[in-house]
Amino acid sequence: MIANAEALLKPLTIKGLTIRNRVMSTSHAPSYGKDGKPQQRYQLYHEEKAKGGIGLTMFGGSSSVSMDSPAAPWNQISVADDSVVPFFREFSERIHRHGARLMIQLTHMGRRTKWDTEHWLPVKSASATREPASRAIAKALEQEEIDRIVADFAAAARRCKEGGLDGCEISAAHGHLVDQFWSPHSNHRTDKYGGSLENRMRFGIEVLSAMREAVGDDYVIGMRMSGDEMLKGGLSHEDCVAIAAEYTSRGLVDFLNVIGGQARDHIAHAISLPNMSFPVAPFLSLPSAIKREVDVPIFHAQRVTDLATGARAVAEGHVDMIAMTRAHIADPHLVKKLSEGRADDIRQCVGAGYCIDRIYVGGDALCIQNAATGREATMPHVIDKAATRKTAVVVGGGVGGLEAARVLAERGHAVTLFEKSDRLGGQINVASRATWREALSGIPRWLVSQLQKLGVDIRLNTEADEAAIAALSPDIVIVATGGLPQKGEAKGFEHAVTTWDVLEGRSQPSGTVLLYDEIGGHNAASTAEVLAKMGCLVELVTHDRMIGEEIGPTNQPVHLRELYKLGVLMTPNSELIEIYPEGNRLIAAIRNTMTDAEEERVVDAVVVDYGTLPVDDLHFALKDKAKNRGLTDDHAIVAGEPQPFEINGAASGQGYTLYRIGDAVAGRNIHAAIYDALRLCKDL
Amino acid sequence: MTAAAFLPWLIVAMVLVAAVQIGRRVMLWRAGKTARVDWLAGLKALPRRYLVDVHHVVDRDKSASRMHVPTAGGLVLASGLLVLGLVPALAASRVYWAFVALAFLVMGAGVVLEVRRRYPRALPRLSLGRWQRLPVHLGVFAAGGLLTALLAALGNPLPALSFVTFLAAAAAGLALAGTAGTGPMRHALAGATHLVAHPRPRRFDPASQKGEATGLRPLDLDAEKLGAETPADFAWNRLLAFDACVQCGRCEAACPAFAAGQPLSPKHLIADLAAAAGGGHARPYAGMPYPNERAVGGAAGLDAPIVSPEGLVHPDTLWSCTTCRACVEECPMMIEHVDAIVDLRRFQTLELGAVPMKAEEPLAHSRGCDEPNGRPLFERTDFAAGMSLPRIVEKGEAEVLLWLGQAAYDLRGQRTLKALIQTLNSAGVDFAVLGGQERDCGDLARRLGDEATFQRLARANVETLSRYRFARILTADPHALHVIRNEYPAFGGSYDVVHHTAFLAELVESGRLAPASLAGRAITYHDPCYLGRYNGEVEAPRALLDALGLERREMARSGKRSMCCGGGGGAPSADIPGDTRIPDIRMGQVKETGAKTVAVACPQCTAMLEGVTGDRAEVKDVAELLWEAVEAGRRTPAGAAPARELQPA
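Below, the structure written as structure tokens:
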């Protein structure tokens, strides 16, 4: 039991609307919208949280109220016309069935969007300015357009009410139109909407007044805002407190949802969505300060990953509702587990930012460690028991193997897990050695604790071979033997060491180091940080157009910030072509991929990252004896259905079926390994 | 004159000596407070109370009943026959003496059986000292009587020997009679009188509900002195009850506090209370000491304070009791230990304010906030926000009034209540709660001796309940059930109160719920004291568990003879240290069954048993198990219902 749990489990009543507890999820854009509507996938994703005991789930981050704020960029929701109302009704009924509350965020994004999507209308803002993040130049709004957008907000609020939603908030955070008006950084107007803070607040007041008029006084309307933009020339903390006090004293908002920072460029965006390099709840002081000045409930989200922190924030009176949005992506049954006394079973968010990073590169939000999130139609969060108990062997204690063992044990099977080394966790044990990536270790920590609870027979320091597996007479064998790093094909590659060698301490270079990255992931960037902190002069060379090209926008800026601070030389668009010794040093030859110009570096060590190649000897040793010849049916896997071989009778009789998952098939990432395991094993 | 001819006179002498001794005890009893006793009804009921009720308890220990029937029977028969021997014609008959010898033989056989319980080593729960010597006296008396009568039956062939045997019988008989007021033989007359003048005659009435005979009696708060301070503050028939004790130690063997090494033995306490009335500094007690005994001054007397470091009973002894009634259930002399403890606690709390330090806070909260943990009453339903939980203030009336109790404030208790509420909703039961109008039932205050707070809470709750119409009160808390069902009638509130296990069993039996089978799991059921022992409900929870297809494994102590979890009577608040914790002992008994789940039916039991650390069985309320089965029965294989997909325009 965590301290102050009872503070989290107290209901909160806002204008007659009772929220059953103090835990919520803020509006965000998981990219599950379809044709601008919240349809099955979107609804099931939130329904899972409602089933899991959440008090309030807010959906539709940046749902648009106007055509010139397109919903298309993150497959978001358009509340700009009445066609969305039936979907709202269905959605709210679905959530209310489980006792939770449902709200949406409404916004006009102003200049913070794209003009080249959907309707091809120019973006609009208070003034004709350009936001670095969206790289769009805005058209300054005319009075008639302002009036039209105010009316659009009012109509959208009416649609929320008609759709049975429990309330809505407007976004005046992260540089949307309302706070574009507030901020002197983006508002250069000289009319009644510009100049003094009083004038700059006018647009938002008009928006909220019109919304209030459209839905009446008893409908809950809130506002998301920053507590301090932490930006020179932007809104100071005092400005934000003044705005909060003015808006609440006018009775315009029923709650404030306070964040820290803003998102006008890459690093500001990364800071406003803090990843695992940040302490927990880094900006809690801001909502706490605003709460002292206003008398409406205060909500807050920003890296509150664990219930104990959330409970402290509520119990100590810093906030009224604690938003654990990413924490619910990792485990939508957070509150249920708390109130059932199973807090130890909560799969805690590690702050990898995988969910949000994906949506900024056009993907859908997926959890690095919980493959069922966002896939509720096919993937279960609670594994059903199998009809018959089987004997299963999992080889390899990396995250793929651990997840496979977990799911098979939840199915009720007798599971034995072989791990060659003395530790479970596989490659995460390597990755988490790299400075702030340490928090990744939370992923195997949870999986291992579940295996222990489920009574999986874990055999450490034991290499599985054919005889050892045969001795168990298994029905199912899962090969999750993972991969090992390779050194690439450059001439003289044998002189290189890998990022693994550095992180695991086998190689401890000093002096000048050339680190060559062919993958563009966290591996090389974080190893460069480690090397620089060891005192090396590091040049990070990559084949890609930029450093860490595969890393998403909440993590890449943090890597870059650290690498700049440490003086790491960054050389993109270059390929390592040869390494040879000269004296007691090495010469590394690199070729500019654009010009073909070749250069040489005199270095003390060359460290490379080419990813991994599968460790598949065991798989091929077992393959011929396996009833399914070690093959997995991809159609069934993709559909989330049982393997035909397992259910069409072919698997009956003596012997085992054999499956290979994760990097033992091909080097990919943590989510891929876990998803491989879940979607296969949930039906075995 | 033969030696045998003196035997009738010996009996007469013994009776006279005993009468004097008992008379001195009677004078002590008369110093107690008056009590209303229906002598006629008591006398009429005596044979049944003795032969059925007492025997039922005694017979649980076969060695005791096999010993007592011939010993007491033989003694009474021989004595009776010998009194007839005052008729000269009979005394001259050798056949008569043969019958007398036979009666002594029966008695002697009983004594042999008793000797086997005590020698060479007495059962640990038995007292030594005079109690250990008792079979010697009885044996010598029986043997002496037997030989004397036998020689008379044979025509007195050895007159010298018969005088020796007579003198042995006389010495032993007079020794027994001489201690009839203070020694072991006191139990005979005191026990019989106690059965006639028992302070709770309803406990012998087979037609009465069990709970009617277990509820505490209200205290007159206008009395000059509240509760019992000295022996003279007890009703006379309570003093009588203490004198009836045979120190068999069954209470001690059943007492959870004793087992946990807390300084309480019900047997020792009753012996102390009997000794306290007699006065003097002698404590002729030869049983096991109170575990971790606290030193006391030992001052006694009819008007001396009993519970005090200077008196006979240390306060820690008083506050160790969980009021589980295991001692009462086991007592063959029908002594009401818990009543005595509560009377003593009432004085400590109401007159001295001398409650254990940790019990002060819950009592202060009960007084100030109507709730022992000081939480606002309107927060009692907070846990159910988001669930369908109708308030009776909105409905005015309901078929069933759900009494939530303390569990509603506790995260663990809330799980049980949520399961119950969901089950009620799922069965379509018309129910409602008092919500913010529900005050604490007062159980804790009353058991901690704060009768004034209890009475205030009881009157307030009765007044609240009088505003609404409902057929029954349903509760998942046996403490609330007991207090409302059995103790509120004295304050004008008589209700049909049903425990959730019985109510849910009804729902399942009548087909209003369709639980899936949970077969394949083994459970054991822990009876809550206030449900099983206090209210006699041991069948319904078992019937419900059986209906779920669970394999039920009984603990050695179960049903009405179950062992307490340690959570009753304010014992967790008093928190008197011992060697171990009561719930640890109970969880050990759970473990012996091999069941991985222990089913419970009381929020206190849940909290106490879940507080056991280490590898232990899972604790599940019966309501949680049922809800799990109901949910399993409702689960549709299809999974999540599909949402609407956008139709092409």
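Sequence order for the protein chains is G and L.
All residue numbers for the first sequence refer to the UniProt record's numbering, where the first residue is 1 and numbers rise by one.
All residue numbers for the second sequence refer to the UniProt record's numbering, where the first residue is 1 and numbers rise by one.
Even for Gly, the Cβ is constructed at its ideal location relative to N, Cα and C.
Checklist entry - In this structure, what does DSSP give as the bridge partners for Phe347/L? => result One-based indexing of the second sequence puts residue 347/L at position 347. Looking at the DSSP assignment, Phe347/L forms no beta bridge with any residue, so it has no partner.
Checklist entry - Who pairs with Leu90/L in a beta bridge, going by DSSP? => result Here the question's residue 90/L lines up with position 90 in the second sequence. The partner list for Leu90/L (beta bridge, DSSP) is empty, contrary to what the question assumes.
Next on the checklist: I believe Ala664/G touches Val479/G by the beta-carbon criterion, under 8 Å. Please report the beta-carbon distance rounded to the nearest angstrom.
Outcome noted: Locating residue 664/G in the first sequence gives position 664, counting from the first residue. Locating residue 479/G in the first sequence gives position 479, counting from the first residue. Yes, Ala664/G and Val479/G are in contact; Cβ-Cβ is about 5 Å, under 8 Å.
Checklist entry - At a CB-CB cut-off below 7 Å, which residues of chain G make contact with Asp382/L? => result Position 382 of the second sequence, counted from the start, is the residue given in the question as residue 382/L. Those are Lys10 and Pro11, listed as they occur along chain G.
Item to check | Meets three-Cβ-pair contact criterion under 8 Å: the region 135–151 of chain G and the region 107–127 of chain G | outcome: A contact between stretches requires three or more CB pairs, one per stretch, nearer than 8 Å, and the region 135–151 of chain G meets this requirement with the region 107–127 of chain G.
Checklist entry - In angstroms, rounded to a whole number, what distance separates the CA positions of Leu48/L and Leu40/L? => result As a working note, residue 48/L is residue 48 in the second sequence. As a working note, residue 40/L is residue 40 in the second sequence. One detail in the question is off: residue 48/L reads as Arg in this sequence, not Leu. Rounded to whole angstroms, the separation of the alpha carbons of Leu40/L and Arg48/L is 14 Å.
Checklist entry - Glu340/G touches chain L at which residues, Cβ-Cβ below 7 Å? => result Taking the first sequence and counting its residues from 1, the one referred to as residue 340/G is at position 340. Within 7 Å of the CB of Glu340/G, the CB atoms of chain L belong to Arg415, in sequence order along the chain.
Next on the checklist: Tell me the DSSP secondary structure of Asp676/G in three-state form.
Outcome noted: Here residue 676/G corresponds to residue number 676 of the first sequence, with the count starting at 1. Three-state DSSP puts Asp676/G in a helix.
Checklist entry - Assuming Leu197/G contacts Asp239/G under a Cβ cut-off of 8 Å, what Cβ separation, rounded to an integer in Å, is found between them? => result Counted from its first residue, the first sequence places residue 197/G at position 197. Counted from its first residue, the first sequence places residue 239/G at position 239. Rounded, the Cβ-Cβ distance is 6 Å, consistent with contact.
Next on the checklist: Can you confirm whether the region 451–465 of chain G touches the region 535–547 of chain G when touching is taken to mean that 3 or more C-beta pairs between the two stretches lie within less than 8 Å?
Outcome noted: The answer is no - the region 451–465 of chain G does not touch the region 535–547 of chain G, with fewer than three Cβ pairs under 8 Å.
Checklist entry - Does Asp457/G get closer than 8 Å to chain L when you measure Cβ to Cβ? => result Position 457 of the first sequence, counting from 1, holds the residue named residue 457/G. Cβ-Cβ to chain L under 8 Å: no for Asp457/G.
Item to check | When Met107/L, Ala109/L, Leu81/L and Arg542/L are compared against Trp97/L, the one with the closest alpha-carbon | outcome: Numbered from its first residue, the second sequence carries residue 97/L at position 97. If we check each option's Cα against that of Trp97/L, Leu81/L comes out closest.
Checklist entry - What is the C-beta distance between Met608/L and Pro577/L, in whole angstroms, given that I count them as a contact (C-beta under 8 Å)? => result Indexing the second sequence from 1 puts residue 608/L at position 608. Indexing the second sequence from 1 puts residue 577/L at position 577. That pair is no contact at about 16 Å.
Item to check | C-alpha distance - Leu9/G paired with Gly260/G, whole-angstrom precision | outcome: Translated into the one-based positions of the first sequence, residue 9/G becomes position 9. Translated into the one-based positions of the first sequence, residue 260/G becomes position 260. A straight line joining the alpha-carbon of Leu9/G with that of Gly260/G spans about 25 Å.
Item to check | Neighbourhood of Arg412/L by C-beta, 7 Å cutoff - its chain only, sequence neighbours within 5 removed | outcome: Here residue 412/L is taken as the residue at index 412 of the second sequence, counted from 1. Counting only Cβ-Cβ distances below 7 Å, and skipping sequence neighbours, we find Thr606, Ala607 and Glu610.
Checklist entry - Which same chain residues, not among the five before or five after Leu684/G, have their C-beta less than 6 Å away from its C-beta? => result As a first step, residue 684/G must be located in the first sequence, where it is residue number 684. Only Ile476 meet the Cβ criterion.
Checklist entry - Which whole-angstrom value is the C-beta distance of Pro478/L and Pro528/L, which I expect to be below 8 Å? => result As a working note, residue 478/L is residue 478 in the second sequence. As a working note, residue 528/L is residue 528 in the second sequence. Indeed, because the Cβ distance is near 4 Å, the residues count as touching under 8 Å.
Checklist entry - Near Gly435/L, what residues of its chain come up, given a Cβ to Cβ distance below 6 Å and the 5 sequence neighbours on each side ignored? => result For this step, residue 435/L is matched to residue 435 along the second sequence. Counting only Cβ-Cβ distances below 6 Å, and skipping sequence neighbours, we find Thr381 and Arg391.
Checklist entry - Closest to Ser417/G by CA distance: which of Asp384/G, Thr107/G, Tyr45/G and Gln452/G is it? => result In the first sequence, counting from the first residue as 1, residue 417/G sits at position 417. The displayed chain sequence assigns Leu, not Ser, to residue 417/G. Ranked by how close their Cα comes to the Cα of Leu417/G, the residues Asp384/G, Thr107/G, Tyr45/G and Gln452/G have Gln452/G in first place.
Checklist entry - With a CB to CB cut of under 6 Å and the five nearest residues on each side skipped, what residues in its chain are close to Gly301/L? => result Within the second sequence, numbered from 1, the residue matching residue 301/L stands at position 301. Excluding sequence neighbours, Gly301/L sits near Gly279.
Next on the checklist: Going by DSSP in three states, Trp236/L sits in which element: helix, strand or coil?
Outcome noted: Stepping through the second sequence from its first residue, residue 236/L is reached at position 236. Three-state result, Trp236/L: helix.
Item to check | Outcome for Arg389/G when other beta-carbon atoms lying within 10 angstroms are tallied against a minimum of 16 | outcome: As a first step, residue 389/G must be located in the first sequence, where it is residue number 389. Arg389/G is exposed by the Cβ-count criterion.
Next on the checklist: Whole angstroms are fine: how far does the CA of Ala364/L sit from the CA of Val15/L?
Outcome noted: In the second sequence, counting from the first residue as 1, residue 15/L sits at position 15. In the second sequence, counting from the first residue as 1, residue 364/L sits at position 364. Roughly 55 Å separates the two Cα atoms.
Next on the checklist: I need the boundaries of the alpha helix (DSSP H) containing Glu329/L, first residue and last residue.
Outcome noted: Counting from one through the second sequence, the residue named residue 329/L turns up at place 329. Ala326 to Glu330 is the extent of the alpha helix (DSSP H) around Glu329/L.
Checklist entry - Touching or not, the region 255–271 of chain L and the region 204–214 of chain L, by the rule of three or more beta carbon pairs under 8 Å? => result The answer is no - the region 204–214 of chain L does not touch the region 255–271 of chain L, with fewer than three Cβ pairs under 8 Å.
Item to check | Below-8 Å beta-carbon distance, Glu631/L vs any chain G residue | outcome: As a position in the second sequence, residue 631/L is number 631, starting the count at 1. Not closer than 8 Å to any Cβ of chain G, the Cβ of Glu631/L fails to qualify, so no.
Checklist entry - Taking the alpha-carbon positions, what's the Ala190/L to Ala516/L distance? => result Position 190 of the second sequence, counted from the first residue, corresponds to residue 190/L. Position 516 of the second sequence, counted from the first residue, corresponds to residue 516/L. In this model, Ala190/L and Ala516/L are separated by some 56 Å (Cα to Cα).
Checklist entry - Interface residues of chain L around Arg20/G at Cβ under 7 Å? => result Counting from one through the first sequence, the residue named residue 20/G turns up at place 20. Proximity of chain L to Arg20/G at the Cβ level (cut-off 7 Å) is accounted for by Ala385 and Gly386, in chain order.
Next on the checklist: Which residue marks the beginning of the alpha helix (DSSP H) containing Asp609/G, and which one marks its end?
Outcome noted: Taking the first residue of the first sequence as 1, we reach residue 609/G at position 609. Premise fails: Asp609/G lies in the beta strand (DSSP E), Ala605 to Asp609, not in any alpha helix (DSSP H).
Next on the checklist: When you compare the CB of Arg521/L with every CB in chain G, is at least one pair closer than 8 Å?
Outcome noted: Here the question's residue 521/L lines up with position 521 in the second sequence. No - not a single Cβ of chain G is within 8 Å of the one on Arg521/L.
Item to check | Other residues of its chain near Ile149/G: CB distance less than 6 Å, five sequence neighbours each side excluded | outcome: Within the first sequence, numbered from 1, the residue matching residue 149/G stands at position 149. So the list reads Ser66 and His108, once near-sequence residues are dropped.
Next on the checklist: List, in chain order, every chain G residue whose beta-carbon is nearer than 9 Å to that of Leu28/L.
Outcome noted: Working through the second sequence from its first residue, we reach residue 28/L at position 28. Below the 9 Å Cβ cutoff, chain G contributes no neighbours of Leu28/L, its closest Cβ being approximately 54 Å away.
Next on the checklist: Under DSSP, the alpha helix (DSSP H) around Leu138/L begins and ends at which residues?
Outcome noted: Within the second sequence, the letter at position 138 stands for residue 138/L. Arg130 to Ala153 is the extent of the alpha helix (DSSP H) around Leu138/L.
Next on the checklist: Do Asn257/G and Arg292/G count as a contact pair if the criterion is CB distance below 8 Å?
Outcome noted: On the first sequence, position 292 is the one that residue 292/G refers to. On the first sequence, position 257 is the one that residue 257/G refers to. For Arg292/G and Asn257/G, no; Cβs fall outside 8 Å.
Checklist entry - Name the chain L residues that come within less than 9 Å of Ala80/G, Cβ to Cβ? => result The residue given as residue 80/G occupies position 80 in the first sequence. The contacting residues do not exist; Ala80/G stays about 16 Å from chain L at best.
Next on the checklist: I'd like to know whether the C-beta of Ala242/G is nearer than 8 Å to at least one C-beta of chain L.
Outcome noted: Within the first sequence, numbered from 1, the residue matching residue 242/G stands at position 242. False, the Cβ-Cβ gap to chain L never drops below 8 Å.
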